[in-house]
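A.B. asks: In case it helps, the working numbering puts the sequence shown at residues 1 to 770.
C-beta: ideal position from N, C-alpha, C; glycine also.
Just so we're clear, the structure is a prediction, and the values are computed from it rather than from any experiment.
Structure below; questions to follow.
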Amino acid sequence: MAPHDLLRVFETMPGHVAVLRAAPGFPVVAMSRSLQAMSSDPGNVVGRPLFELFPESEQSGGSIEALQASFERAVRSRAPDHHEQRFDIADRATGRFEERYWLVVNTPVLDDDGAVEYILHQSEDAATGRRHGSMAILDAMTEGVFTLDRQWRFSYVNPEAHRILRAEPGSLVGAVIWERFPGSRNSAFSEHYRRTMHERVATTFTGFYPGLEGWYEVTVYPAPEGISVYFRDVTARVLAEQDRERLAAESEHQRRVYETALDNTPDFVYVFGTDHRAIYANQALLRVWGVDDVRGRTWLDLGYEQWHADLHDRELAEVIATRAPIRGEIPFTGTNGRRIYDYIFAPVFDASGAVVAVAGTTRDITERQAAEQIIHEHAQRLAEADRAKDHFLATLSHELRNPLAPMRYGLEILRASTEPGGQQARIHSMMERQVDHLVRLVDDLMEVSRITRGTLSLQVEPVLLAEVVDSAVEASRPVIDAGQHSLVLDLPAMPVVVHGDRVRMAQILGNLLNNAARYSAPGGSIVLRARVAGDELTLSVIDSGVGMEQAEIPRLFEMFSRGEHTRASHQGGLGIGLALARRLAVLHGGSLDAVSDGPGTGSTFSLVLPLQGTGASPSFPSDDPDTTRLGLRVLLADDDADVGGSLAEALRLSGAEVHLFDNGGDALARFDTVDPHVAILDIGMPHLSGYEVARALRRHGVRTPLIALTGWGQAQDRERAFASGFDHHLVKPVAMPMLVDLLASIEGAARAAPSPGARHDTVAAPATGA
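The following block contains the structure:
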């Protein structure tokens, strides 16, 4: 690339970037516009030594030496050099230098012989870099925070600071504080800000700002670019402190009113002097202590054990010293037996602000703690039950996937020997759809927690309404026929295209048809009606069944609810169908509701779906078998003879050479003999699990692609498979087109890759089952 081309590229780059020649003076080859703008001669930088464009200020002596040392380290090490330093920038208009701090990365660029030819110099304002990392924290703080640069300009203001200072968000940055808040110029605020700015020491103070008529508690810290100010509005607290004098002067009548109120509260109220002797206790506490008067008594005098008295004496001393309340919880044995108490000690101030006593309140929390313990134990039991439920569902899903796998593979084998377009082909397609439907239902079992949280994802595509209805009716036909019900389909004459998940929409309609069939007397009638109005499709399932009360309808759509006992007592099911159907309808952007005129009048369930994106065309499942032909040698290991045998036969029909083993030990021992292009391994096999086989192969340097084919499909199962050395994790029963496509991609990648030589060391089965 020509030098002027390189300059043109780097001029447009964001940030402060330059390309320097690794030669004395480090002349400039290219530089971004933002960095040129800070130089002494913008627009005339190419070929000039870097430090001629960026001279050193007297206040930052040694900054050129530090930067040059970084360049030299990068040249010597031939590796990027990261460092942070001060390098002041001159203002061309005034000639004055502005103090600046930078985060610098210098990266060497090597020529064809490996020598350092250029240095890529990147710099970022240190204050900006630090701010990026802390901005989210500062923005979320409940304190007001702002920073001032050395010209007293706001450089950052968090949302709470804008609120306290009654300023519009974003209106303060860039403004000079003395101009924006003139009342602070000759005040305690100015004194402390200037002290921290010049002496670089933190200060804390409380001051009154007349412009906002408020008191503020402020802490000021030195920062690289100036100062950082943390503050909060304490006007209410200060005014409360000012009220103490008035409260201390209350009349005897008011004091008696307060004592009457305190004596009639079930909580214990008491006051101790700064000498740790009691001044006052209300009647509830006097009864527990078993005394009539507490004045002048210590904790020991009141019957406390030595350790207990020492604890409270330390707490009283802490409250007096820190002027802040403390809270604790402790057991105590008194006239009421052994009880648990929660208490607070708080300082009492006089008019001058000095601590003159410590007031305390104590509450008996024995029963509350017992209740909390019961709740905690109950929560633990619920958590254990939830874990057991998750384990049960995962195990159930695994056990259901295994018999589904040979059914899917067997259908694939039957399709290969069936003439396309005939009755058998249509039957095979129907069976495949139903197996797919079962697989999706098993997936739902696996993700019950996901269903209850409403986080199901949809596979949205344009679908013909008639196709969805056919699938739903096909799935519900056994229940309808078992009840000897008549089913009438009232659909629009013109094709209707819906954008949604084909299987999920069929699942909604199937649930509604099943519900209608189950809650109708034998020989009942069911109507499935579809109507298009504007941009909405309404699907109604109308039955002549038992009907329901109006108050019962909302509970029908709750998880695990099956309506009133009189309606549901003769029906099976878990009460998931309608709840899941409504959630799926909402995920589609629609709704599902029900109406009934009462018991014995039948019910109508209406599904409303939006019609949108009608420009797309629906997809149709193909009845033609996959034409992809494989030329791979496959090692397949599965201890289930039905699963392994059917999958092996299906793969052979696709052209693969398959070597089948029924346990992990034989698969590992015969691996070298088979020398497969890819290995498909079940996980739960005898002798050696799939995980152990994969780990053993990877330990011996085998790079053959490994595919885990298992009934365990949770996230942790995938992570464990990948950690053991598998390249792919598929869940039974895998769709044959997807598996064939994966194998074809592996075959294509192997053909495109150069020959790596020896593939692995000799693999031998370990002597033990580990």
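By how many angstroms is the C-alpha of Leu458 removed from the C-alpha of Arg504?
C.D. replies: 8 Å
A.B. asks: Within its chain, find whatever has a CB closer than 7 Å to the CB of Phe332; leave out the 5 residues flanking it on each side and keep chain order.
C.D. replies: Arg339 and Tyr341
A.B. asks: What is the DSSP secondary structure of Trp712, counted as helix, strand or coil?
C.D. replies: coil
A.B. asks: I need the straight-line Cα distance from Leu802 to Ile227, nearest angstrom please.
C.D. replies: No information on residue 802 is available, as it lies outside the stretch 1 to 770 that the chain covers here.
A.B. asks: Could you tell me which of Ala354, Asp682, Gly360 and Ala240 sits nearest to Asp662, measuring between CA atoms?
C.D. replies: Asp682
A.B. asks: Below 8 Å on the Cβ atoms is my contact criterion, and I expect Glu747 with Gly590 to pass it. Report the Cβ-Cβ distance as a whole number of Å.
C.D. replies: Not a contact, Cβ separation roughly 44 Å.
A.B. asks: In angstroms with no decimal places, state the Cα-to-Cα distance between Ile365 and Val269.
C.D. replies: 15 Å
A.B. asks: Between which two residues does the alpha helix (DSSP H) carrying His16 extend?
C.D. replies: Unbroken run through His16 is the beta strand (DSSP E), His16 to Arg21; no alpha helix (DSSP H).
A.B. asks: Which stretch, first to last residue, makes up the alpha helix (DSSP H) that contains Val586?
C.D. replies: Gly577 to Leu587
A.B. asks: Cα separation between Gln68 and Glu98?
C.D. replies: So the alpha carbons of these two residues sit roughly 20 Å apart.
A.B. asks: I need the DSSP call for Tyr691, collapsed to helix, strand or coil.
C.D. replies: helix
A.B. asks: Please report the distance separating the alpha-carbon of Ala22 from that of Asp125.
C.D. replies: 24 Å
A.B. asks: At the level of alpha carbons, what is the spacing between Gln507 and Pro737?
C.D. replies: 23 Å
A.B. asks: Between the C-alpha atoms of Leu739 and Val731, what's the straight-line distance to the nearest angstrom?
C.D. replies: 11 Å
A.B. asks: Contact between the region 581 to 601 and the region 544 to 555: three or more CB pairs below 8 Å?
C.D. replies: yes
A.B. asks: Apart from the five residues on each side of it in sequence, which residues of its chain come closer than 8 Å, Cβ to Cβ, to Ser187?
C.D. replies: Gly207 and Tyr209
A.B. asks: Phe671 lies in the alpha helix (DSSP H); which residues open and close that run?
C.D. replies: Phe671 to Val674
A.B. asks: Please report how far the alpha carbon of Gly644 lies from the alpha carbon of Leu660, in whole angstroms.
C.D. replies: 7 Å
A.B. asks: Measuring CA to CA, which of Glu72, Pro55, His121 and Ala66 is closest to Asp91?
C.D. replies: Pro55
A.B. asks: Cα-Cα, which of Pro495, Gly353 and Pro224 is closest to Arg237?
C.D. replies: Closest option to Arg237, Cα to Cα, is Gly353.
A.B. asks: For Tyr519, collect the residues of the same chain with a Cβ closer than 6 Å to its Cβ; drop the 5 residues on either side in sequence, then sort them by chain order.
C.D. replies: Gly545 and Val546
A.B. asks: At the level of alpha carbons, what is the spacing between Leu609 and Ala641?
C.D. replies: 45 Å
A.B. asks: In terms of DSSP beta bridges, what is Tyr341 paired with?
C.D. replies: Ile330 and Asp364
A.B. asks: Please report how far the alpha carbon of Thr628 lies from the alpha carbon of Asp741, in whole angstroms.
C.D. replies: 8 Å
A.B. asks: With a cut-off of 8 Å, do at least 3 Cβ pairs link the region 194 to 207 to the region 164 to 180?
C.D. replies: By the Cβ test, the region 194 to 207 is not in contact with the region 164 to 180, since fewer than three Cβ pairs between them sit closer than 8 Å.
A.B. asks: Closest to Ser60 by CA distance: which of Pro462, Asp293 and Phe87 is it?
C.D. replies: The residue with the shortest Cα to Cα distance from Ser60 is Phe87.
A.B. asks: I need the straight-line Cα distance from Asn515 to Phe557, nearest angstrom please.
C.D. replies: 12 Å
A.B. asks: For Glu72, which of helix, strand or coil comes out of DSSP?
C.D. replies: Of the three classes helix, strand and coil, the one that applies to Glu72 here is helix, per DSSP.
A.B. asks: Compute the distance between the beta-carbons of Ala74 and Val116, then report whether it is under 9 Å.
C.D. replies: Between Ala74 and Val116, the C-beta spacing is below 9 Å.
A.B. asks: Sort out for me which residues DSSP pairs Glu84 with in a bridge.
C.D. replies: Leu103
A.B. asks: For Thr362, count neighbouring Cβ atoms within 10 angstroms of its own Cβ and tell me buried if that reaches 16, exposed if not.
C.D. replies: The residue is buried, with at least 16 neighbouring Cβ atoms inside 10 Å.
A.B. asks: Which value, in whole angstroms, describes the spacing of the CA atoms of Ala656 and Arg633?
C.D. replies: 6 Å
A.B. asks: Have a look at His378 and Gly303 and give me their C-alpha separation to the nearest angstrom.
C.D. replies: If you draw a straight line from the Cα of His378 to the Cα of Gly303, it is about 38 Å long.
A.B. asks: Pairs of beta-carbons, one from the region 24 to 36 and one from the region 139 to 151, closer than 8 Å: are there three or more?
C.D. replies: no
A.B. asks: Cα separation between Leu53 and Asn44?
C.D. replies: 9 Å
A.B. asks: Please state the DSSP three-state secondary structure of Gln550.
C.D. replies: helix
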